[in-house]
Every structure is written in structure tokens, then in C-alpha cells.
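Peer 1: I'd like to ask some things about the structure below.
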Amino acid sequence: EEQEEQGSHFQTTISPPEWIQGKWNNGQGTEFECTKSNIIWDSSGNIYKVTGEIWYYTIQDIDPEIVEKQTDTTYTLQYKVSASETRKFNFYKISDNKIESKNFFKGIYTRK
11 EEQEEQGSHF
21 QTTISPPEWI
31 QGKWNNGQGT
41 EFECTKSNII
51 WDSSGNIYKV
61 TGEIWYYTIQ
71 DIDPEIVEKQ
81 TDTTYTLQYK
91 VSASETRKFN
101 FYKISDNKIE
111 SKNFFKGIYT
121 RK
């Protein structure tokens with residue numbers, strides 16, 4: 011069986027829905043941004059990107075095992091960040107400018 015081009019057989023992209031795209035803040039110093047193809051945040055001065063964490067795996071030819079689901083009011087995303095750890099995002103739309111996050115970024119966030 012021939013080996014496929016490295017990384018090409020894994021899902022490596024994400025697609026946050028339109029309703030969550032933008033910058034979000036919980037009023038306590040935690041902020042993140044959703045774009046049409048990424049989630050970006052600053053942790054103690056280091057910029058993290060979902061695509062960067064996913065890319066780290068795929069260049070080692072390991073499947074990040076992305077699971078992404080979305081509806082008009084929910085967006086969930088999970089993927090591996092280590093052999094034993096999965097990063098999970100669960101977002102729930104409260105209104106056009108307010109969301110609740112249940113796993114990573116736990117809390118209520120308002121659009122900036």
C-alpha cells in the first residue's frame with residue numbers, strides 16, 4: 011500500500027460558523043478571536059492558534075483527530091494536543107453578541 015503525501019489524509023482545517031467569528035472577551039482578561047478558519051488566543055504573552063496546534067501533529071504524520079460540529083447556536087471542536095490530551099471547545103450562542111463557552115475558555119463572553 012502506497013503512503014499518501016504526508017499529512018494529506020488528515021483533516022487539518024477548521025471552519026467556525028459565521029455567528030462566532032469575531033473577537034470575544036469575558037471581562038476578566040481572557041480574550042479570543044474566531045476567524046473563518048482559526049481560533050486565536052494569547053496565553054501569558056504567547057499567541058496560540060488552533061491551526062498551529064493541529065499543524066504540529068500533522069507534520070509528525072499523526073492524525074490530530076479533529077471533531078467539529080456546528081448548528082445555528084452551537085459550535086464544538088476538539089482535537090489532540092498530545093498523546094493523552096484533547097483540547098475541547100464548546101460554544102453556545104446566547105445572543106448575537108454573547109456566547110457561553112463550556113470547556114476551554116470557560117465562561118460568558120461578549121463580542122468586542
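Numbering-wise, this note's numbering puts 88 at position 78 of the sequence shown, and it's gapless, one number per residue. Idealized CB from N, CA, C, for every residue including glycine.
Exposed or buried, which one is residue 77 when buried takes at least 16 other CB atoms within 10 Å?
Peer 2: Locating residue 77 in the sequence shown gives position 67, counting from the first residue. When all chains shown are included, residue 77 counts as exposed.
Peer 1: Taking buried to mean at least 16 other C-beta atoms within 10 Å of its own C-beta, is residue 69 buried or exposed?
Peer 2: Sequence index remark: in the sequence shown, residue 69 carries index 59 (1-based). Classification for residue 69: exposed.
Peer 1: Suppose you measure from the CA of residue 110 to the CA of residue 83; what does that come to, to the nearest Å?
Peer 2: As a position in the sequence shown, residue 110 is number 100, starting the count at 1. As a position in the sequence shown, residue 83 is number 73, starting the count at 1. Rounded to the nearest angstrom, the two C-alpha atoms are 10 Å apart.
Peer 1: I'd like to know whether the C-beta atoms of residue 45 and residue 31 end up nearer to each other than 8 Å.
Peer 2: To locate residue 45, count along the sequence shown from 1; it is residue 35. To locate residue 31, count along the sequence shown from 1; it is residue 21. Yes; because the gap between Cβ atoms is below 8 Å, this pair is in contact.
Peer 1: Determine whether the beta carbon atoms of residue 89 and residue 75 lie at a separation below 8 Å.
Peer 2: Here residue 89 corresponds to residue number 79 of the sequence shown, with the count starting at 1. Here residue 75 corresponds to residue number 65 of the sequence shown, with the count starting at 1. Yes, they are a contact pair.
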